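The structure under discussion appears below in the form of structure tokens.
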Amino acid sequence: MIAYVLAMREEAQPLISHFALQRCKTTTLFPVFYNAQTWLTICGVGKANAAAAVTELFHVVRHKRDAVWLNVGIAGHADLPIGTLRSAHSVLDGASRQRWYPPQVLMRRVASGALTSVDAPETAYPDDSLYDMESAGFYSAALRCSTAEVVQCLKIVSDNREHGTDRLSPQGITELVAAQVKIIAEICAELREATYSLRADQEIDPGLSELLGKHRFSVTQQRQLMRLAQRLAARAPQQPLLDDELASARSSREVLRALEQRLDTLPVFPHAG
Amino acid sequence: MTRLVYIEDAVAAHPRAQRILAHFAKATRVHCSRYSEVFNPRAQNFRLQKSDPALLLARKLNKLVLPAPTGYAIGGLNNYYFSHMLNCVYDCRYCFLQGMFRSAHYVVFVNYEDFAQAIDGVLAQHRDEDCWFFSGHDCDSLAYDPLTGFAQWALECFAARPRAQLEFRTKSTQIRSLLARPALNNVVVAFSFTPQSVHAALENKVPGIDKRIAAMLQLAHAGWRIGLRFDPLIYSEGYAVDYGQLFERVFSDLPVSSVHSVSFGAFRLPRDSFKTLVNLYPGEPLLAGPLNTDAAMVGYRDNLETELLEFCRARLSDYVGDNKLYPCQP
Ligand code: SF4
Chain X
1 MIAYVLAMRE
11 EAQPLISHFA
21 LQRCKTTTLF
31 PVFYNAQTWL
41 TICGVGKANA
51 AAAVTELFHV
61 VRHKRDAVWL
71 NVGIAGHADL
81 PIGTLRSAHS
91 VLDGASRQRW
101 YPPQVLMRRV
111 ASGALTSVDA
121 PETAYPDDSL
131 YDMESAGFYS
141 AALRCSTAEV
151 VQCLKIVSDN
161 REHGTDRLSP
171 QGITELVAAQ
181 VKIIAEICAE
191 LREATYSLRA
201 DQEIDPGLSE
211 LLGKHRFSVT
221 QQRQLMRLAQ
231 RLAARAPQQP
241 LLDDELASAR
251 SSREVLRALE
261 QRLDTLPVFP
271 HAG
Chain C
274 MTRLVYIEDA
284 VAAHPRAQRI
294 LAHFAKATRV
304 HCSRYSEVFN
314 PRAQNFRLQK
324 SDPALLLARK
334 LNKLVLPAPT
344 GYAIGGLNNY
354 YFSHMLNCVY
364 DCRYCFLQGM
374 FRSAHYVVFV
384 NYEDFAQAID
394 GVLAQHRDED
404 CWFFSGHDCD
414 SLAYDPLTGF
424 AQWALECFAA
434 RPRAQLEFRT
444 KSTQIRSLLA
454 RPALNNVVVA
464 FSFTPQSVHA
474 ALENKVPGID
484 KRIAAMLQLA
494 HAGWRIGLRF
504 DPLIYSEGYA
514 VDYGQLFERV
524 FSDLPVSSVH
534 SVSFGAFRLP
544 RDSFKTLVNL
554 YPGEPLLAGP
564 LNTDAAMVGY
574 RDNLETELLE
584 FCRARLSDYV
594 GDNKLYPCQP
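Protein sequence lines, in the order shown, are assigned to chains X and C.
Taking my numbering, the leading residue of the first sequence gets 1, the next gets one more, and so forth.
Taking my numbering, the leading residue of the second sequence gets 274, the next gets one more, and so forth.
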């Protein structure tokens, strides 16, 4: 799943169109749009709004843990050309001076830069940094929802010393984001792939739910069952979980014992030989 | 290819940092005040980071030299370790660093001079006694050497401190700095090996066994003292054949007189590290094996462990005798 957090409707529109997102009918504090895999919320300007919108979206998507979280939006920079796309390798809260370092290990497609989150528009651009108003709130909140490698800020330069904020129009903002939508979608797809690859070897045999439905497992036993099924899948990936013995087990305890016995018959180190 | 280098402000002008940075002309440089701001935060995934780790150049501020864990000794009484680097360019599935660090980025502490001072401090505590210093606890001592220049510095440092014994521990073939100078008799270069099947399955990016043996023989012929580390020993139904062949391969051309020490220990991990590894790699057969997961130190169930250890001890003893053999178990 991908969760986008954007400040303004003008920034969001190209993504809403690209992913054919529809408006979520549930009452929410911030507008939410979605399709099967993608969620987007428009948080308004400022870090408090961004943090609140992340929190709300996290609840809307039912606390999904391994989602990709992206803050996309426009930013100022002293001298980067208008339209340049950057991911943030550091996010500085200009007010508190707290700094985060989003790992860039999966961000191979885009150059990175420093990003400073300010409380009022920055027009002097004092440092070699992008300037926005949401990233600190977004990042600190989204970091609680997923692993840091897939929590990222992608910024498009909208103003610089030559081309100030006074020359920004709503239409211009939409066009800046629209020009980068394809690459943003590709980056997101890569991030999502990475989370899938982590999940791939956590996938559990469908026979597990059959067992859970048939017998009463305590919470501890459920945990044991999960790990035994995982161990079986690791050491004998071709073997289905359910065999005759498990199917005929009469209690949760018998299921666990049968699984342990089955593991004992498998080669210890299947790579050898 | 390292795309991102984080640099602590305090070492930005350090000549060693500058030399390392020269290798990464195209990398993006990110300044930070402490490496721990990048390396230590929660919510990082070691496995994801391992696909493309960044480099951190930092300064080690305290605890530069620490007592070595039990089971590390190879004949000495006073055993310490120090780490010029955290993490490793290789990716062994059994590596305990994966369970110890939250980040897979490589940290290089460039203030080697401060390590020398700390080593002197330890030597001063043990007047008239030898002290051992292990350099491969938190990294592979030599794998990153062409960039860090650690070996050359360490050799100069230990050449001037005959009471200090140094162990390089490696799975690499980066031995140029050692071959460039006469052997030192207070330095042991220890090579770690596992059988071919284990190497192929679990030691991602590690140079092949024959290449490492060739490097080891070059050093032995140049007069360097060699250590052999069969740790972790990995159990399989065919372990006797696999380890038998490995030992034969390793010892066939190696003069026993060059062998300083041979240590061996069965696969084991502290329980917390083990749990972290299972979370990172739930589909890894090694971690799904017959292990005693309730123990503080997770390892093979007793009978398997004993069988494996006894076999290897007996075989290794045939090659080098008992007096050079050191079991790694605490
Ligand atoms: S070579 Fe050693 S330090 Fe490096 S990954 Fe393998 S076990 Fe870990």
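Glycine included, each C-beta is placed from N, C-alpha and C at the ideal position.
Computed from a prediction, not measured in an experiment: that's the story for all the values here.
Check: At a cut-off of 6 Å, is D575 (chain C) close to ligand 1 when judged by its beta-carbon and the heavy atoms of the ligand?; Outcome: no
Check: Quick check on R588 (chain C): does DSSP put it in helix, strand or coil?; Outcome: helix
Check: Thinking just about the alpha-carbon of each residue, which of C:L560, C:S306, C:E281, C:E310 is nearest to the one in S543 (chain C)?; Outcome: In the sequence as displayed, the identity of residue 543 (chain C) is Pro instead of Ser. Of the candidates C:L560, C:S306, C:E281, C:E310, the one whose C-alpha sits nearest the C-alpha of P543 (chain C) is C:L560.
Check: Near ligand 1, which residues have their beta-carbon less than 5 Å from any of its heavy atoms, given in chain order?; Outcome: C:C361, C:Y363, C:C365, C:C368, C:D413, C:K444
Check: Taking all protein chains shown into account, do 16 or more other C-beta atoms lie within 10 angstroms of the C-beta of I2 (chain X), making it buried, or fewer, making it exposed?; Outcome: buried
Check: From the DSSP output, read off the bridge partner residues of N565 (chain C).; Outcome: Note: N565 (chain C) sits in no beta bridge, so no partner.
Check: Using the C-alpha atoms, what's the distance from I507 (chain C) back to Q390 (chain C)?; Outcome: 38 Å
Check: Give me the Cα-Cα distance between G372 (chain C) and P505 (chain C), rounded to the nearest whole angstrom.; Outcome: 15 Å
Check: Could you check where the beta strand (DSSP E) with S465 (chain C) kicks off and where it finishes?; Outcome: 460 to 465
Check: Quick check: is the beta carbon of S112 (chain X) nearer than 7 Å to any beta carbon in chain C?; Outcome: yes
Check: Which residues of the region 87 to 112 of chain X have a Cβ closer than 8 Å to any Cβ of chain C? Give them in chain order.; Outcome: H89, S90, R99, W100, Y101, P103, Q104, V105, L106, R108, A111, S112
Check: Please name the residue in X:E134, X:G44, X:Q238 whose C-alpha comes closest to that of G94 (chain X).; Outcome: X:E134
Check: Where are the beta strand (DSSP E) runs, 3 residues long or more, that stay fully inside the region 389 to 473 of chain C, in chain order?; Outcome: 404 to 407, 437 to 443, 460 to 465
Check: Tell me, please, whether the CB atom of H63 (chain X) is closer than 7 Å to any CB atom in chain C?; Outcome: no
Check: Starting from I507 (chain C) and walking both ways along the alpha helix (DSSP H), at which residues does that stretch end?; Outcome: Where I507 (chain C) is concerned, there is no enclosing alpha helix (DSSP H), given that its DSSP letter is neither H nor E.
Check: If you run the structure through DSSP and keep just helix, strand and coil, what is D93 (chain X)?; Outcome: strand
Check: For L334 (chain C), count neighbouring C-beta atoms within 10 Å of its own C-beta (all shown protein chains included) and say buried if the count is 16 or more, exposed if not.; Outcome: exposed
Check: Please return the same chain residues whose Cβ sits closer than 7 Å to the Cβ of H494 (chain C), not counting the five positions on each side in sequence.; Outcome: none
Check: Residues of the region 205 to 232 of chain X in Cβ contact with chain C at a cutoff of 7 Å, in chain order, please.; Outcome: Q230, R231
Check: On a CA-only basis, which of X:K47, X:S169, X:E56 is nearest P31 (chain X)? Give me that one, please.; Outcome: X:E56
Check: In terms of residues, what are the limits of the beta strand (DSSP E) holding E281 (chain C)?; Outcome: 277 to 281
Check: Return helix, strand or coil for D205 (chain X), following the three-state DSSP convention.; Outcome: coil
Check: Please state the DSSP three-state secondary structure of G172 (chain X).; Outcome: helix
Check: I'd like to know if the region 512 to 532 of chain C and the region 198 to 208 of chain X are in contact, where contact means that at least 3 CB-CB pairs between them fall below 8 Å.; Outcome: no
Check: Got a sec, what are the start and stop residues for the alpha helix (DSSP H) V157 (chain X) sits in?; Outcome: Element bounds for V157 (chain X): not the alpha helix (DSSP H) but the beta strand (DSSP E), 151 to 159.
Check: What does DSSP give as the partner residues of R541 (chain C) in its beta bridges?; Outcome: C:G572
Check: With a threshold of 7 Å between beta-carbons, can H77 (chain X) be considered close to chain C, or not?; Outcome: no
Check: So, does the region 8 to 26 of chain X touch the region 103 to 122 of chain X, judging by three or more C-beta pairs under 8 Å?; Outcome: no
Check: What does a CB cutoff of less than 6 Å around G46 (chain X) pick up in its chain, not counting 5 residues either side in sequence?; Outcome: M133
Check: List the residues that DSSP assigns as beta-bridge partners of Y131 (chain X).; Outcome: X:G76, X:T116
Check: Using the beta-carbon count (16 or more within 10 Å), is G605 (chain C) buried or exposed?; Outcome: There is simply no residue 605 (chain C) to check, as chain C begins at 274 and stops at 603 in what is shown.
Check: Under 7 Å between beta-carbons, which chain X residues line up against I507 (chain C)? List them in chain order, please.; Outcome: F269
Check: Beta carbon of S450 (chain C), beta carbon of A424 (chain C): below 7 Å?; Outcome: yes
Check: Kindly identify the DSSP beta-bridge partner or partners of R498 (chain C).; Outcome: C:V461
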